[in-house]
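See below for the structure under consideration.
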Amino acid sequence: MTLDKVVGSAAEAVADIPDGASLAVGGFGLAGIPWFLIDALVAQGAGDLKVVSNNCGVDGAGLGLLLEAHKITRVIASYVGENKEFARQYLAGELTVELTPQGTLAERLRAGGSGIGAFYTPTGVGTLVSEGGMPWRYNTDGTVAEASPAKEVREFHGKKMVLEEGIVTDFALVRAAVVDRAGNAVFHAASRNFNPPAAMAGRVTIIEAEKVVEVGELGPDEVHLPGIFVQRIVELTPEQASRKDIEKRTTRQRPSKEA
């Protein structure tokens, strides 16, 4: 008997995410984000969410929808990005934001998913990352309500390194190009950014898949994420799978042939 993790809909997949849950969310800006799982979670209505993601999408799209609905209270991210509402809520004291170096964030997710409690890295030594004092939350008057604590620093092979904790979340929402029914997943191009480590970090990982295949159709060397990390799969329609917006389009006029 083959294990089949495909569920009926995105709404069904996120139905049991409760208020106060922590979420690891894949993608980078709008590249490779789980569009339809996020939409389903907005409709489901869970609040007081703690989100771990590279950033919080943009205004009006992706995780920006949960921000606009005031469903997120804490974010661990590497940058604010193009989201003005994210910046506004952070500076207004409505949102707690733990800014983390991008590579460190990816490794914290991967470490958590691998059962590693913490690790040492040279990134951030001698800065507010290691010394503490980085504003996590502001008061409404602009003063700092909560700041980051100092972290342990040790020397290895003559180089100082800071201790960073692995991250484990209640749920993870990710998007993949191809997934077999057992959850073995393949990510395409830029969607291979934060999706694999986010998927590893979740106790319950939900994947929206552009294509679902039978077990055995993926060769072992093709798999980027083993199915052991995946609990639920949502199969997208071809129309849904084609949704791949970008944050900002920059173009220039091509020179004319006469020139």
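In terms of UniProt numbering, the sequence shown has 70 at position 70, counting the first letter as 1, and numbering is strictly consecutive.
Just so it is clear, CB atoms sit at the ideal spot from N, CA and C, and this is done for glycine as well.
Proximity below 8 Å, CB of residue i to CB of residue j
{"i": "GLU210", "j": "ALA241", "result": "yes"}
{"i": "SER148", "j": "LEU105", "result": "no"}
{"i": "MET200", "j": "SER114", "result": "yes"}
{"i": "VAL52", "j": "ILE167", "result": "yes"}
{"i": "VAL215", "j": "VAL162", "result": "no"}
{"i": "PHE36", "j": "GLU208", "result": "yes"}
{"i": "GLU85", "j": "LEU99", "result": "no"}
{"i": "ALA198", "j": "HIS188", "result": "no"}
{"i": "ASN54", "j": "PHE194", "result": "yes"}
{"i": "VAL80", "j": "VAL125", "result": "no"}
{"i": "HIS224", "j": "ARG254", "result": "no"}
Candidates the options: closest to residue i by CA position
{"i": "ALA11", "options": "SER256, THR169, VAL58 and LEU173", "result": "LEU173"}
{"i": "PHE156", "options": "LEU91, PRO122 and VAL144", "result": "PRO122"}
{"i": "PHE119", "options": "ARG110, GLY126 and ALA190", "result": "ARG110"}
{"i": "ASP141", "options": "GLY93, VAL223, GLU98 and THR205", "result": "GLY93"}
{"i": "GLY112", "options": "GLY132, PHE171 and VAL125", "result": "PHE171"}
{"i": "VAL212", "options": "MET134, ARG175, GLN102 and PRO101", "result": "ARG175"}
{"i": "ALA21", "options": "ALA145, THR169 and PRO135", "result": "THR169"}
Contacting residues, own chain, Cβ-Cβ under 7 Å from residue i (five flanking each side not counted)
{"i": "MET1", "result": "Note that MET1 scores a pLDDT of 42, beneath 50, so its modelled location is shaky; the value from the coordinates is reported in the next line. If we look at MET1 and ignore the five residues flanking it on each side, it has no Cβ neighbours."}
{"i": "LEU30", "result": "GLY57, VAL58, ALA61, GLY62, ASP245, ILE246 and GLU247"}
{"i": "VAL6", "result": "ARG181, VAL212, ILE233 and GLU235"}
{"i": "ARG249", "result": "none"}
{"i": "GLU222", "result": "VAL186"}
{"i": "ASP19", "result": "ALA46, GLY47 and ASP48"}
{"i": "ARG243", "result": "TRP35"}
Close beta carbons around residue i, own chain, < 8 Å, minus the five adjacent residues each side
{"i": "ALA43", "result": "ALA11"}
{"i": "ALA40", "result": "SER9, ALA10, ALA11, ALA13 and VAL14"}
Those residues which DSSP pairs with residue i across a bridge
{"i": "MET161", "result": "ARG154"}
{"i": "ALA13", "result": "DSSP output for ALA13 lists no bridge partner at all."}
{"i": "ASN120", "result": "A quick correction: the sequence has Tyr, not Asn, at residue 120. Bridge partners of TYR120: LEU163."}
{"i": "THR96", "result": "ARG74"}
{"i": "ALA87", "result": "Looking at the DSSP assignment, ALA87 forms no beta bridge with any residue, so it has no partner."}
Contact set for residue i: own chain, Cβ-Cβ below 6 Å, skip 5 residues either direction
{"i": "GLY132", "result": "SER148, PRO149 and ALA150"}
{"i": "LYS71", "result": "GLY47 and LEU49"}
{"i": "THR251", "result": "none"}
Residue i: CB within 7 Å of a non-hydrogen atom of the ligand HEM
{"i": "ASN195", "result": "The ligand HEM is not part of the structure shown, which contains no ligands of any sort."}
Segments of 3+ residues assigned as beta strand (DSSP E) that fall wholly inside the region 31-70: Correct list: 49-52.
Sequence ranges, alpha helix (DSSP H) only - wholly within the region 167-245, length at least 4: Runs of the alpha helix (DSSP H) lying entirely within the region 167-245, each at least 4 residues long, are 195-201 and 238-241 in chain order.
Segments of 4+ residues assigned as alpha helix (DSSP H) that fall wholly inside the region 126-150: If only uninterrupted alpha helix (DSSP H) runs of at least 4 residues are considered, those enclosed by the region 126-150 are 128-131.
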